[in-house]
Amino acid sequence: MIEFRSVTHAYGDRPVLHDLSVRLAERRVAIVGGNGSGKSTFARLLNGLLVPSAGSVLVDGLDTRTDGRAVRRRVGFVFQNPDMQIVFPTVEEDVGFGLKARKVPKEEIGRRVAAALDRHNLARHRHQPAHQLSGGEKQLLAIAGVLVLEPAHVVFDEPTTLLDLRNRRRVIELVRELPQNAVVVTHDLDMVMDFDRVLVLEDGRIVADDVPSVAIPAYVKRLS
Amino acid sequence: MLGLYLHRESPVHRWPAGVKLGGLLAVTAVVLALPGVWGALAAGALGLGLLPAARLPVATVLRHLRAPVAMLALLFGVQALLAGTGWEAALVAVLRFAALILLATLVTLTTRVTDMVELFERVFGLLRPVGVNPAKLALMLALTIRFIPLLAEQVREVRMAQQARGVERSIAALFVPLLVKIFTMADDLAAALEARGYDPADRGP
């Protein structure tokens with residue numbers, strides 16, 4: 023479970039999130055809201071990439087302020103732009119990067135990378151330079167690089183924004199089938215219709231928090 | 699010269715990175731030490747001989763050599779015409795560089811970056827007593843190779859955006875937005891590295 027306790031966050035003197043308290047225990051949680059509503063900041067607080075200016079964020083009881091490293095092991099993070107997440111030049115090497123950083127034995131890295139490439143239909147690209155992949159394949163590679171680490175929770179920051187229709191469907195399907203708990207920040211309202219819970223952020227505050235059938239119409243109404 | 703790894707099932711690909719880089723260093727030393735053109739010719743012949751053994755497509759290797767050839771032509775012109783060393787000495791210098799660039803291209807095309815990084819980690823590890831972090835240096839190498847095509851793409855994007863707005867050639871108009879993009883990329887990359895478990899404080903094995 024991920025818990026926000028009176029979380030406030032500001033960049034310099036510009037406040038972005040205001041005194042948020044919320045517990046996320048559902049398998050699929052969506053965070054929606056307009057540009058500048060604080061969604062991406064909220065997401066980055068979930069795995070300790072940011073620590074709150076005030077209050078605390080707990081992941082399975084671990085505080086992101088004091089246990090950042092352990093928290094990041096439990097929470098995988100998929101960025102909007104896969105180009106910024108791919109670190110090594112070829113597909114196979116990049117999927118293995120996180121495992122190597124965690125000092126997993128070489129044989130196990132090989133085994134887990136091969137399984138991840140198979141699972142995400144990337145095996146035929148294993149020796150290919152990452153920059154030659156299509157946008158959808160890059161996003162799958164970025165996701166494979168996170169899931170190979172077997173995190174307990176996965177945070178997706180606008181995973182379908184840069185994708186065409188077919189790749190968007192692939193990513194939606196992938197998120198749907200994940201065994202882990204997932205928090206998805208998105209503008210893609212169709213994607214989250216079958217989620218367990220939707221939080222609507224506006225000006226750094228939660229203005230709706232309910233099942234999609236209630237929260238999404240409320241969000242759309244606020245937009246109009 | 700910074701050709702990306704090109705996978706092939708070949709004996710050259712299977713040679714350890716240390717052997718290939720060590721060999722390249724040794725050949726470089728010999729080529730530079732031998733007087734005249736013989737060292738360069740021998741190294742060039744070695745490179746050409748390794749091409750079929752590495753099962754690399756000649757067209758790909760030639761594509762990687764396009765930019766260095768232009769640079770070597772310039773070097774020849776400067777040496778022969780401006781430096782006054784004579785065309786024979788300029789030719790020897792250019793042949794030496796050409797042979798070494800061919801061999802270096804072969805090394806990068808047949809060696810995985812991870813193998814290269816592991817080798818550098820081991821080599822840089824010798825400098826640990828003087829405060830060098832080998833893991834950091836090795837990651838820097840990997841990131842440099844990974845981000846070269848990405849930066850080239852950014853340059854193309856900015857240039858096209860400028861052209862669309864009627865600016866055909868302006869260094870400032872290219873440089874400023876590019877710099878902003880690079881800083882943003884650096885920020886995002888730092889966050890991504892952290893998210894994927896990289897710990898900058900980790901001093902390696």
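Note that the protein sequences, when read in sequence, are chains A and B.
According to our numbering, the first sequence is numbered sequentially starting from 23.
According to our numbering, the second sequence is numbered sequentially starting from 699.
Just so you know, even glycine gets a beta-carbon here, dropped at the ideal spot from N, CA and C.
None of the values given here were measured: they were computed from a predicted structure.
Assigned exposure category for residue i - 16 Cβ within 10 Å defines buried
i: Lys128/A; result: exposed
i: Ile24/A; result: buried
i: Gln861/B; result: exposed
i: His31/A; result: buried
i: Ser62/A; result: buried
i: Asp885/B; result: exposed
i: Lys125/A; result: exposed
i: Tyr33/A; result: exposed
i: Thr882/B; result: exposed
i: Thr758/B; result: exposed
C-alpha distance - residue i paired with residue j, whole-angstrom precision
i: Gly60/A; j: Leu67/A; result: 11 Å
i: Arg894/B; j: Gln150/A; result: 21 Å
i: Thr842/B; j: Val815/B; result: 12 Å
i: Gln107/A; j: Val725/B; result: 38 Å
i: Arg844/B; j: Pro111/A; result: 5 Å
i: Pro228/A; j: Ile53/A; result: Note that residue 228/A is Ile in the sequence shown, not Pro. Cα to Cα, Ile228/A sits roughly 10 Å from Ile53/A.
i: Ala738/B; j: Phe795/B; result: 8 Å
i: Leu700/B; j: Arg826/B; result: With a pLDDT of only 49 at Leu700/B, under 50, the local geometry of the prediction cannot be trusted, and the value read off the model is given with reservation. Distance between the alpha carbons of Leu700/B and Arg826/B is about 27 Å.
i: Gly902/B; j: Lys122/A; result: Reliability of the predicted coordinates at Gly902/B is poor, the pLDDT of 49 falling under 50, and no value is obtained from them.
i: Gly721/B; j: Val728/B; result: 11 Å
i: Ala781/B; j: Leu789/B; result: 13 Å
Within chain A, the residues that residue i reaches when beta carbons sit closer than 8 Å
i: Pro847/B; result: Pro151, His153
i: Ala836/B; result: In chain order: nothing, as chain A lies at least about 11 Å away.
i: Ile880/B; result: In chain order: nothing, as chain A lies at least about 12 Å away.
Delimiting residues of the beta strand (DSSP E) encompassing residue i
i: Asp212/A; result: Segment: none, Asp212/A is in no beta strand (DSSP E) and carries neither H nor E.
i: Leu42/A; result: 36 to 46
i: Glu224/A; result: 219 to 224
i: Phe99/A; result: 97 to 100
i: Phe110/A; result: Taken as a continuous stretch (DSSP letters only), Phe110/A belongs to no beta strand (DSSP E), as it is neither H nor E.
i: His175/A; result: 175 to 179
i: Val269/A; result: Past the boundaries of the shown model lies residue 269/A; chain A is included only from 23 to 246, so the question cannot be answered.
i: Ala781/B; result: Looking at the DSSP string, Ala781/B is not in any beta strand (DSSP E), and its letter there is neither H nor E.
i: Arg146/A; result: First-last for Arg146/A: undefined, no H or E at that position.
Pair within 8 Å by beta-carbon distance, residue i and residue j
i: Pro234/A; j: Met215/A; result: yes
i: Val853/B; j: Pro875/B; result: no
i: Leu754/B; j: Leu800/B; result: no
i: Asp89/A; j: Ser78/A; result: no
i: Arg45/A; j: Asn203/A; result: no
i: Ala752/B; j: Arg706/B; result: yes
i: Pro104/A; j: Ala166/A; result: no
i: Ser43/A; j: Phe64/A; result: no
i: Glu159/A; j: His147/A; result: yes
i: Leu719/B; j: Leu839/B; result: no
i: Gln161/A; j: Leu200/A; result: no
i: Gly70/A; j: Val38/A; result: no
i: Gly56/A; j: Glu224/A; result: yes
i: His153/A; j: Leu837/B; result: no
Residues that residue i contacts on chain B, provided the C-beta gap is smaller than 7 Å
i: Gln107/A; result: Ala890
i: Phe178/A; result: In chain order: nothing, as chain B lies at least about 12 Å away.
i: Phe119/A; result: Arg894
Chain A contact residues for residue i, given Cβ-Cβ distances below 9 Å
i: Ala859/B; result: The premise fails here: Ala859/B is roughly 17 Å from chain A at the closest Cβ pair, so nothing lies under 9 Å.
i: Val811/B; result: Phe110, Pro111, Thr112, Glu115
Beta-carbon neighbours of residue i, restricted to chain B and to distances below 8 Å
i: Leu71/A; result: Ala889, Glu892, Ala893
i: Arg94/A; result: Glu892, Ala893, Gly895
i: Arg91/A; result: Asp897
Residue span of the alpha helix (DSSP H) that contains residue i, given as start and end
i: Thr842/B; result: 832 to 862
i: Asp116/A; result: 113 to 123
i: His762/B; result: 756 to 775
i: Gly157/A; result: 157 to 169
i: Glu819/B; result: 811 to 823
i: Val33/A; result: Looking at the sequence shown, residue 33/A is not Val but Tyr. It is not in any alpha helix (DSSP H) - Tyr33/A instead sits in the beta strand (DSSP E) that spans 24 to 33.
i: Asp885/B; result: 869 to 893
i: Asp140/A; result: 128 to 141
Partner residues on chain B for residue i, Cβ-Cβ distance less than 9 Å
i: Leu171/A; result: Arg894, Gly895
Neighbour list for residue i in chain A, Cβ cutoff strictly below 7 Å
i: Ile843/B; result: Pro111
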